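J.:
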Amino acid sequence: MSKNSCDTGDRPRVIVFDLDGTLWDPEMYQLSGGAPFRPDEKNPDVAIDRINTKVSLIGETRNVLQDLIVNPKWKDTYLAISSTCDMPEWAESLLDLYKFKDTKGKMMPMVSLFSDRREIYYAGKDDQHKRILMKVRQIDKSVNDFSQMLFFDNQRNNVSTVSKLGVTCYYCPQGLVPGTFQKGLELWQKNNLASL
Numbered sequence: 115m116s117k118n119s120c121d122t123g124d125r126p127r128v129i130v131f132d133l134d135g136t137l138w139d140p141e142m143y144q145l146s147g148g149a150p151f152r153p154d155e156k157n158p159d160v161a162i163d164r165i166n167t168k169v170s171l172i173g174e175t176r177n178v179l180q181d182l183i184v185n186p187k188w189k190d191t192y193l194a195i196s197s198t199c200d201m202p203e204w205a206e207s208l209l210d211l212y213k214f215k216d217t218k219g220k221m222m223p224m225v226s227l228f229s230d231r232r233e234i235y236y237a238g239k240d241d242q243h244k245r246i247l248m249k250v251r252q253i254d255k256s257v258n259d260f261s262q263m264l265f266f267d268n269q270r271n272n273v274s275t276v277s278k279l280g281v282t283c284y285y286c287p288q289g290l291v292p293g294t295f296q297k298g299l300e301l302w303q304k305n306n307l308a309s310l
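The sequence shown begins at 115 in my numbering and counts up by one.
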């Protein structure tokens with residue numbers, strides 16, 4: 115499908131995040147302890163593994179995700195995960211542990227932000243994005259093109275692979291540090307709005 119075959123509006127309809135090194139650090143392969151994880155009582159951005167290694171949300175992760183949940187301007191945007199982390203079950207455990215506020219102020223697990231659009235397994239990220247688009251298309255026919263997607267990843271090879279589909283990809287080697295989300299959004303707008 116061509117970039118011009120759909121009305122993308124001024125925002126991406128699907129925002130996809132990598133996990134390890136993009137939303138949190140350290141990466142799962144760097145943990146010696148792993149699950150079970152527990153929350154850090156003093157910091158909601160930190161989880162602790164069974165040998166007391168801290169896994170922290172990177173930079174602006176909490177603020178970005180919180181805004182995507184509650185800000186009405188994002189109500190038509192779907193969130194997804196594309197991850198090839200070594201320990202998917204650990205990643206799922208962390209997604210259950212980190213909490214965010216919904217539009218009514220009620221705490222909800224991070225996993226619920228992504229519904230079933232969580233592709234966490236070893237495979238090509240291009241294949242994962244194809245599955246994500248298929249899942250979104252099943253519930254919203256207006257999302258029908260890879261150009262409607264924005265992807266954040268800390269590995270250049272993943273950015274290169276996924277961009278070949280027509281997805282706007284933002285390479286963030288340090289993860290979602292302050293300013294990263296806005297720069298990714300601006301890149302998506304440049305790629306999509308200029309061609310309308």
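Beta carbons: idealized from backbone N, C-alpha and C, even for Gly. Fair warning: this is a prediction, and the values are worked out from it, not measured in the lab.
Below 9 Å between beta carbons: does that hold for W204 and S170?
T.: No, Cβ-Cβ distance for W204 and S170 is not below 9 Å.
J.: Helix, strand or coil for T282? Go by DSSP, reduced to three states.
T.: Strand, per DSSP.
J.: Please confirm whether I234 and I183 have their CB atoms less than 9 Å apart.
T.: For I234 and I183, no; Cβs fall outside 9 Å.
J.: Return the Cβ separation of V250 and F265 in integer angstroms, given the expectation that the two are a contact with Cβ distance under 8 Å.
T.: With 8 Å as the limit, V250 and F265 do not qualify as a contact, their Cβ atoms being about 13 Å apart.
J.: Taking the beta carbon of T122 as the centre, do at least 16 other beta carbons fall within 10 Å, making it buried, or is it exposed?
T.: In this prediction, T122 scores a pLDDT of 43, lower than 50, which makes its location untrustworthy; the coordinate-derived value is nonetheless stated afterwards. Flag for T122 reads buried.
J.: Just mark L307 as buried or exposed, buried being the case when its beta carbon has 16 or more other beta carbons within 10 Å.
T.: Exposed, because fewer than 16 other Cβ atoms sit within 10 Å of the Cβ of L307.
J.: Judging by CA-CA distance, which residue of G238, Q303, S226 is the nearest neighbour of L98?
T.: Residue 98 falls outside the range modelled here, since the chain spans only 115 to 310, and no answer is possible.
J.: With three or more beta-carbon pairs closer than 8 Å as the criterion, would you say the segment 283 to 298 touches the segment 148 to 155?
T.: No: fewer than three Cβ pairs fall under 8 Å.
J.: Helix, strand or coil for Y192, going by three-state DSSP, please let me know.
T.: Correct three-state label for Y192: strand.
J.: Tell me, to the nearest whole angstrom, how far the beta carbon of V130 is from that of I253; I am working on the premise that it is less than 8 Å.
T.: Not confirmed; about 16 Å, so no contact.
J.: The alpha helix (DSSP H) that contains S170, what's its start and end?
T.: Where S170 is concerned, there is no enclosing alpha helix (DSSP H), although the beta strand (DSSP E) it sits in stretches over 168 to 171.
J.: What did DSSP end up calling K220 once you bin it into helix, strand or coil?
T.: Coil at K220, not helix or strand.
J.: Assess contact between the segment 163 to 180 and the segment 288 to 302, defined as three or more Cβ pairs (one per stretch) separated by less than 8 Å. Is contact present?
T.: Because the criterion of three Cβ pairs below 8 Å is met, the segment 163 to 180 and the segment 288 to 302 touch.
J.: Check each candidate in D230, T136, V273 and name the one with the smallest Cα separation from V178.
T.: Comparing Cα positions, the closest option is T136.
J.: Could you tell me the distance, in whole angstroms, from the CA atom of D200 to the CA atom of T217?
T.: Their Cα atoms are separated by approximately 33 Å.
J.: Please classify R152: does DSSP put it in a helix, a strand, or coil?
T.: Three-state result, R152: strand.
J.: Quick check on the burial criterion: 16 or more other C-beta atoms within 10 angstroms. Buried or exposed for Y192?
T.: Buried: at least 16 other Cβ atoms inside 10 Å.
J.: CA-CA distance, E141 and S229?
T.: For E141 and S229, the distance between alpha carbons rounds to 22 Å.
J.: Residues in the same chain with beta-carbon distance under 8 Å from S221, minus the five sequence neighbours each way, listed in chain order, please.
T.: It is worth fixing the name first, because residue 221 is Met in this sequence and not Ser. The answer, listed in chain order, is K213, F214, K215.
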